[in-house]
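S.K.: Sharing a structure here in structure tokens format.
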Amino acid sequence: MDYLEPLQVIWDYLCLHQKPEKADCIVGFGNFNTNIARRAAELYHQGYAPKILFTGGLGRNTEGLLPEPEAVRFAKVAMDCGVPEGDILIEDRSANTKENIQFTRALLEARGIPHDHILGVHQPFMERRIVAAMGVYWPELSFSVTSPQVTIPEYLDDAGKQGIGEEPAVSVIVGDFQRMDLYAKKGYQIPQEIPEEAWQAFRQLVAMGYDKQLAK
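Shown next as structure tokens:
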């Protein structure tokens, strides 16, 4: 597992480690990883918000992998965790982060649900990216983010149990790091300062062959 050391550098940069804050709504961002739904349910039961909205249809990491939209799958997991169906909203059309944000906003506004502050739940390595994307697509929103509280080995083990092998799971993290720079240049998210140590770790992982999720 020579990749673990450089991967930890990237992981630590992408995770923001924000403390959860009370919110009007918890938003679980779609993915293959059902731990996002479990984390959202945990926060709901702890009283962080009275509603959960799950957003996600099928995207680049779940198209062909899941039999149903990410948000529908997450809602079922949350209900299994004791969240009442009436406190769950589902947005199941979005296919990328931009649409996650825009369709979430539209749904909350259409339902008349307060959203002065939203508590997002995503993958640990997606925390920085979702905050940077919010800065473009919903800049006036008061937003904080958290994620399943797992280590890299725990994340990779759980990914394997959900049908994502070790190499693809590592490649996804490498690809998401690349998007921090690429998507800022394309105007999809606000620019973030990236330390040279993280760039070196990225180049090392690409040289090892973890390049299958790099964007053009």
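Take any residue in the sequence shown, note its place counting from 1, add 1230, and you have its number in this note's numbering.
Note that the Cβ used here is the ideal one computed from N, Cα and C, for glycine as well.
As the structure is a prediction and not an experimental result, all values here were calculated from the model.
#1: Under a three-way DSSP split, which group does glycine 1287 fall into?
#2: Return the CA-CA distance between tryptophan 1241 and methionine 1356, expressed in angstroms with no decimal places.
#3: The alpha helix (DSSP H) with phenylalanine 1407 in it runs from where to where?
#4: Shortest alpha-carbon distance to valine 1404 belongs to which of Glu1423, Ala1301, Pro1425 and Gly1439?
#5: Quick check on the burial criterion: 16 or more other C-beta atoms within 10 angstroms. Buried or exposed for glutamate 1300?
#6: So is aspartate 1406 buried or exposed if we call it buried at 16+ other beta carbons inside 10 Å?
#7: Look at histidine 1352 and isoleucine 1360 and say whether their C-beta atoms are less than 7 Å apart.
#8: Is glutamine 1419 buried or exposed, if buried means 16 or more other CB atoms sit within 10 Å of its CB?
#9: Which one or two residues does DSSP pair with leucine 1435 in a beta bridge?
#10: Does the Cβ-Cβ distance between phenylalanine 1333 and glutamate 1315 come in under 7 Å?
#11: What is the rounded straight-line gap between the Cα of serine 1324 and the Cα of threonine 1285?
#12: Does glutamine 1276 have its Cβ less than 7 Å from a Cβ in chain C?
#13: Expressed to the nearest angstrom, what Euclidean distance is found between the alpha-carbon atoms of serine 1401 and asparagine 1330?
#14: With a threshold of 16 other CB atoms inside 10 Å of the CB of glycine 1287, please say whether the residue is buried or exposed.
#15: Distance check for isoleucine 1343 and leucine 1371, CA to CA, integer angstroms please.
#16: I'd like the list of long-range same chain contacts for alanine 1431, defined as Cβ closer than 6 Å, with 5 residues on each side in sequence excluded.
#17: How close, in whole Å, do the beta carbons of methionine 1410 and glutamine 1422 come, if the pair is a contact with beta carbons under 8 Å?
#18: Rounded C-beta distance between tyrosine 1367 and lysine 1328? I'm assuming under 8 Å.
#19: For leucine 1246, collect the residues of the same chain with a Cβ closer than 6 Å to its Cβ; drop the 5 residues on either side in sequence, then sort them by chain order.
#20: Taking the beta carbon of arginine 1341 as the centre, do at least 16 other beta carbons fall within 10 Å, making it buried, or is it exposed?
#21: Would you list the residues sitting across from glycine 1350 in a DSSP beta bridge?
#22: Please tell me whether alanine 1253 and valine 1307 are closer than 7 Å, where the distance is taken between their beta carbons.
#23: Where does glutamate 1298 sit, in a helix, a strand or coil, going by DSSP?
M.R.: Concretely, from the data shown:
#1: coil
#2: For the pair tryptophan 1241 and methionine 1356, the Cα-to-Cα distance works out to about 9 Å.
#3: Membership of phenylalanine 1407 in the alpha helix (DSSP H) is indicated by the continuous run 1396-1416.
#4: Gly1439
#5: buried
#6: With 16 or more Cβ atoms within 10 Å of its Cβ, aspartate 1406 is classed as buried.
#7: yes
#8: buried
#9: Answer is none; leucine 1435 lacks a bridge partner.
#10: No; because the gap between Cβ atoms is not below 7 Å, this pair is not in contact.
#11: 7 Å
#12: This model lacks chain C altogether, as it is built from one protein chain only.
#13: Cα to Cα, serine 1401 sits roughly 22 Å from asparagine 1330.
#14: With 16 or more other Cβ atoms within 10 Å, it is buried.
#15: Each residue's alpha carbon lies about 14 Å from the other.
#16: Sequence-distant Cβ neighbours of alanine 1431 in its own chain, meaning closer than 6 Å and more than five residues away, are Pro1236, Val1239 and Ile1240.
#17: 6 Å
#18: Confirmed, Cβ separation roughly 6 Å.
#19: Answer for leucine 1246: Glu1357 and Arg1358, listed in chain order.
#20: Of the other Cβ atoms in all chains shown, fewer than 16 fall within 10 Å of the Cβ of arginine 1341; this residue is therefore exposed.
#21: BP columns for glycine 1350 point to Val1257 and Val1375.
#22: Result no, Cβ atoms of alanine 1253 and valine 1307 do not sit closer than 7 Å.
#23: coil
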